[in-house]
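**Q** Numbering (our numbering), first residue to last: 137 to 235. C-beta atoms are modelled at their ideal positions from N, C-alpha and C, and glycine is treated no differently. Values in this document were obtained by computation on a predicted structure and should not be read as measured data.
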Amino acid sequence: MSTFSPDVVSAILNHMNGDHTDDNLLIVRAFANPAATAAVMTGFDGSVATWDATAAGVTSEVRIAWPAGPITERGEVRREVVALYDAACTRLGVEPRPH
137 MSTFSPDVVS AILNHMNGDH TDDNLLIVRA FANPAATAAV MTGFDGSVAT WDATAAGVTS
197 EVRIAWPAGP ITERGEVRRE VVALYDAACT RLGVEPRPH
């Protein structure tokens, strides 16, 4: 399993939780918990991304594998998050915005 430096993880989490809160929730609803009302990305490694998802007042950890399989490079994180977002839109019948 690949790990990323703390600086890379922090930068990506800040971006996802600052600029893409709706995307986090959409991904969690599509792949883990359709009843989720909130989702915060809490980490990732070469195999999965992790969110804290809240539904009915209960928060639980959600782990979702990268669509293309294991990754090792920072740029691949963006590619895989975009792939998760696009697949979530398809699964939930939501029109994706352009990237």
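With distances taken Cα to Cα, identify the nearest neighbour of Asp222 among Glu212, Pro234, Gly211, Ser141.
**A** In the sequence shown, the residue the question calls residue 222 occupies position 86. Minimum Cα distance to Asp222 is reached at Pro234.
**Q** Give a yes or no on whether the C-beta atoms belonging to Val217 and Asp159 are separated by under 9 Å.
**A** Taking the sequence shown and counting its residues from 1, one reaches residue 217 at position 81. Taking the sequence shown and counting its residues from 1, one reaches residue 159 at position 23. Yes, the pair counts as a contact, with Cβ atoms nearer than the cut-off.
**Q** Give me the Cα-Cα distance between Ala219 and Gly193, rounded to the nearest whole angstrom.
**A** Translated into positions along the sequence shown, residue 219 becomes position 83. Translated into positions along the sequence shown, residue 193 becomes position 57. If I take the Cα positions, the gap works out to 29 Å.
**Q** What do you get for Ala175, buried or exposed, if any count of 16 or more other CB atoms within 10 angstroms of its CB means buried?
**A** Counted from its first residue, the sequence shown places residue 175 at position 39. That one is buried.
**Q** Measuring alpha carbon to alpha carbon, tell me which residue in Thr186, Thr226, Arg215, Met177 is nearest Asn150.
**A** The residue labelled residue 150 in the question sits at position 14 within the sequence shown. The residue with the shortest Cα to Cα distance from Asn150 is Met177.
**Q** For Trp187 and Phe167, I'd like the C-alpha separation in whole angstroms.
**A** Counted from its first residue, the sequence shown places residue 187 at position 51. Counted from its first residue, the sequence shown places residue 167 at position 31. Going by the C-alpha atoms only, they are around 11 Å apart.
**Q** Just to confirm before moving on: does the CB-CB distance between Ala204 and Val164 stay below 9 Å?
**A** Locating residue 204 in the sequence shown gives position 68, where the first residue counts as 1. Locating residue 164 in the sequence shown gives position 28, where the first residue counts as 1. No, the pair does not count as a contact, with Cβ atoms beyond the cut-off.
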